[in-house]
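Colleague: Using the working numbering, the first residue of the sequence shown is number 14, and each one after it goes up by one.
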Amino acid sequence: MSCSLFAPPPLLRLPRLDGSCLYAETAQARPELPPLDETEETDACVVGAGIAGLCAAIELARSGLRVCVLESARIGSGASGRNGGQALGDFACGIEALERRLGPDGAALAWEVSQQALRRLRARIREHAIDCDWRDGAVVVARTASQAERLHAAMRHRQQRYDATQLRWLDGAALRAGLHSERYVGGMLDPLGGQLHPLNYTLGLARAALALGVRIHEHSPVLRLRGPGRPGGAQLLQCPRGRLRARRVLLAGGVVPGLPLRRLRARLLPVASCILATESLGQAVPPAGYAVCDSEFVPDYFRFTSDARLVFGGGAHWRVDRALRDPAERRRRLRRAMLRVFPQWDHVRITHDWGGWIDVSLNRAPDFGRLGPACVYVQGFSGHGLALAGMAGEMAAQALLGGPGACPGFELISRLRHATLPSSRLLRIPIAAFGALSGRILHTS
Ligand SMILES: Cc1cc2nc3c(=O)[nH]c(=O)nc-3n(C[C@H](O)[C@H](O)[C@H](O)COP(=O)(O)OP(=O)(O)OC[C@H]3O[C@@H](n4cnc5c(N)ncnc54)[C@H](O)[C@@H]3O)c2cc1C
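1) In whole angstroms, what separates the C-alpha of F423 from that of A297?
2) Buried or exposed: E231, going by 16 or more other Cβ atoms within 10 Å of its Cβ?
3) May I ask you to check if the CB of N96 is nearer than 7 Å to at least one heavy atom of ligand 1?
4) Going by beta-carbon coordinates alone, are F381 and I426 separated by less than 8 Å?
5) Measuring only from the beta carbon, is F423 closer than 7 Å to any heavy atom that is part of ligand 1?
6) Tell me the residue span of the beta strand (DSSP E) that contains R260.
7) Can you list the beta strand (DSSP E) stretches of 3 or more residues lying completely in the segment 164 to 237, in chain order?
8) Measure from the alpha carbon of R171 to the alpha carbon of each residue in A130, Q160 and D103, then state which is nearest.
9) What I want to know is whether the C-beta of G267 ends up closer than 7 Å to one or more non-hydrogen atoms of ligand 1.
10) Rounded to whole angstroms, how far is the Cβ of A69 from the Cβ of A409, which I believe are closer than 8 Å?
11) My output table needs one value for C106: the three-state DSSP class, helix, strand or coil.
12) Does the segment 181 to 191 come into contact with the segment 233 to 252, if we say contact requires no fewer than three beta-carbon pairs (one atom in each stretch) closer than 8 Å?
13) Can you check which of these residues, Y390, V60 and A405, is closest to E125 by C-alpha distance?
14) Whole angstroms are fine: how far does the CA of L238 sit from the CA of Y303?
15) State the beta-bridge partners of D307 as determined by DSSP.
16) Less than 8 Å between the beta carbons of L263 and R256, yes or no?
17) Closer than 8 Å by C-beta to S319: which residues in its own chain qualify, once you throw out the five before and the five after it? Chain order, please.
18) Select from E51, L282, P386 and S90 the residue whose C-alpha is nearest the C-alpha of Y214.
19) Give the DSSP-derived three-state secondary structure of G32 in the structure shown.
20) Is it true that the CB of T178 sits closer than 8 Å to the CB of A290?
21) Please say whether A387 and F394 have beta carbons closer to each other than 8 Å?
22) Which parts of the segment 32 to 104 are runs of the alpha helix (DSSP H), unbroken and 4 residues or longer, counting only runs that do not cross its ends?
23) Let me check understanding here. Comparing Cα to Cα, which of A341, T433 and L209 lies closest to R276?
24) Do C106 and A412 have their C-beta atoms closer together than 8 Å?
25) Between the segment 217 to 237 and the segment 152 to 164, can you find at least three pairs of beta-carbon atoms closer than 8 Å?
26) From which residue to which residue does the alpha helix (DSSP H) around G403 run?
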């Protein structure tokens, strides 16, 4: 079997949303890593140097394998290096959706995977001494009484069924005092969640992988993969200037820029989300140290950095609309959204804005699986992957090392079925929007 990884049809080419990214400007120094420019051999190849790919590479290298990561652009240039920096538990589709699809025992294991994702994230930061501004606490907030009622019921459900005793309710007064915003009437605080500088976290993972002997080739887009279905034999990955033979392959290409294999890509809708950062708010910065995400269908999400800036994200673009083509319009819309939450900061200067593409699956559940005995993939984190993608990478590596059955969490999530979107973008957008609306996210369901 041979698969073309790149060359998406013209309608699916996505505009770059680099803008002026705060994370790129405040990133730690990083080495320039050479592209693959000859024929090499390795025990395991990982496609994609985002959080999922790098965590997988660390896990594979620890088992003694020679590991090579191929990255089409630079480390962290996908969603991992440009996201909202909010580490959240649960899944984008909400555990309730997985209860319906996996039954009570399956859902219990899925919940454990999501909690373990947060614990592993913290452990990695400690173990590899990654300087990424980690701070505890993430809160989902409600704007209306009915949202608050649903959110409170969701919290009780998690406490009772999954023993999630760490979850706490914050009332409107606590939120007003913590956030200096009148907009929210209640919220569910998860002290296990938190916030970080996502690019520095990703670069820290890359440094840990390099220290374990992993080779990383930047500017090495994989154009073709031959032999993923063949048992035992080497698989061949073709880059523009070189090729790699690998006995095991792990695909963690996210959704940007070329989108992985066509049949995988057909299960994802790339959705753009945009973020701004303000100048330092100085003494005006609110005391709450937690990351915040609201309960709207298209949520606002924000946090305050350790140097007192507001990082505020929102909006979801299912199609390449005016705001995506025009950076000034993008900034105007985001600023309007920010002022709805913090009207007092009309005078505050916006110093950075950027965006990124999210790998949304139709049911918002993660999408893992095998393309052959020695080829696995992870994708479809649907905007909820900062913690989960790392766990997915580690689980996929274990599944690759041990074969079917080696990693129950990976096998469980691989059982989830995913609908395929039609290749015509005209049809993809309404179908995906309908799917997302009917699936909703945790805190709105
Ligand atoms: C704007 C934005 C805000 C977000 N906010 C949050 C948040 O606050 N909290 C949260 O939990 N999640 C958030 N997310 C989602 C989260 O960032 C992702 O789920 C997570 O980073 C996915 O990691 P990944 O490693 O799977 O993919 P990526 O980080 O996208 O990495 C994939 C890598 O593969 C490379 N690649 C692709 N194709 C190929 C190829 N053919 N050959 C070689 N390399 C290839 C890409 O260049 C990329 O570097 C956000 C995403 C965006 C875009």
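Each residue gets a CB set at the ideal place from its N, CA and C atoms; glycine is no exception.
Modeller: Walking through what the data contain:
1) As a first step, residue 423 is located in the sequence shown; it is residue number 410 there, counting from the start. As a first step, residue 297 is located in the sequence shown; it is residue number 284 there, counting from the start. Whole-angstrom Cα-Cα distance: 45 Å.
2) On the sequence shown, position 218 is the one that residue 231 refers to. Classification of E231: buried, given that the 10 Å Cβ count is 16 or more.
3) If you number the sequence shown from 1, residue 96 lands on position 83. It does: the Cβ of N96 is within 7 Å (strictly closer) of some heavy atom of ligand 1.
4) As a working note, residue 381 is residue 368 in the sequence shown. As a working note, residue 426 is residue 413 in the sequence shown. Against a cut-off of 8 Å, the Cβ pair of I426 and F381 comes out as a contact.
5) As a position in the sequence shown, residue 423 is number 410, starting the count at 1. Not under cutoff, so the answer is no.
6) Reading the sequence shown from its first residue, position 247 is the one you call residue 260. Residues R256 to L264.
7) 181 to 184, 199 to 208 and 228 to 230
8) Taking the sequence shown and counting its residues from 1, the one referred to as residue 171 is at position 158. Considering only alpha carbons, the answer is D103.
9) For the purposes of this step, residue 267 is taken as the residue at position 254 of the sequence shown. Under cutoff, so the answer is yes.
10) If you number the sequence shown from 1, residue 69 lands on position 56. If you number the sequence shown from 1, residue 409 lands on position 396. Contact holds; Cβ gap of about 6 Å.
11) To locate residue 106, count along the sequence shown from 1; it is residue 93. Coil, per DSSP.
12) no
13) Here residue 125 refers to the residue found at position 112 when the sequence shown is read from its first residue. Measuring from the Cα of E125, the nearest candidate turns out to be A405.
14) Looking up residue 303 in the sequence shown gives position 290. Looking up residue 238 in the sequence shown gives position 225. When rounded, the distance between both Cα atoms is 42 Å.
15) Taking the sequence shown and counting its residues from 1, the one referred to as residue 307 is at position 294. The partner list for D307 (beta bridge, DSSP) reads V154.
16) Taking the sequence shown and counting its residues from 1, the one referred to as residue 263 is at position 250. Taking the sequence shown and counting its residues from 1, the one referred to as residue 256 is at position 243. For L263 and R256, no; Cβs fall outside 8 Å.
17) Translated into positions along the sequence shown, residue 319 becomes position 306. Answer for S319: D146 and R148, listed in chain order.
18) Here residue 214 refers to the residue found at position 201 of the sequence shown. Of E51, L282, P386 and S90, the residue nearest in Cα terms is S90.
19) Counting from 1 along the sequence shown, the entry for residue 32 is found at position 19. If DSSP states are grouped into helix, strand and coil, G32 belongs with coil.
20) Mapped onto the sequence shown, residue 290 falls at position 277. Mapped onto the sequence shown, residue 178 falls at position 165. Their beta carbons are not under 8 Å apart, which means A290 does not touch T178 by this criterion.
21) Numbered from 1 along the sequence shown, position 381 holds the residue referred to as residue 394. Numbered from 1 along the sequence shown, position 374 holds the residue referred to as residue 387. Against a cut-off of 8 Å, the Cβ pair of A387 and F394 comes out as no contact.
22) 35 to 38 and 64 to 75
23) Reading the sequence shown from its first residue, position 263 is the one you call residue 276. Out of A341, T433 and L209, T433 has the C-alpha closest to the C-alpha of R276.
24) Along the sequence shown, one-based indexing puts residue 106 at 93. Along the sequence shown, one-based indexing puts residue 412 at 399. No, these two residues do not count as a Cβ contact at 8 Å.
25) no
26) Counted from its first residue, the sequence shown places residue 403 at position 390. Where G403 is concerned, the enclosing alpha helix (DSSP H) stretches over G398 to G415.
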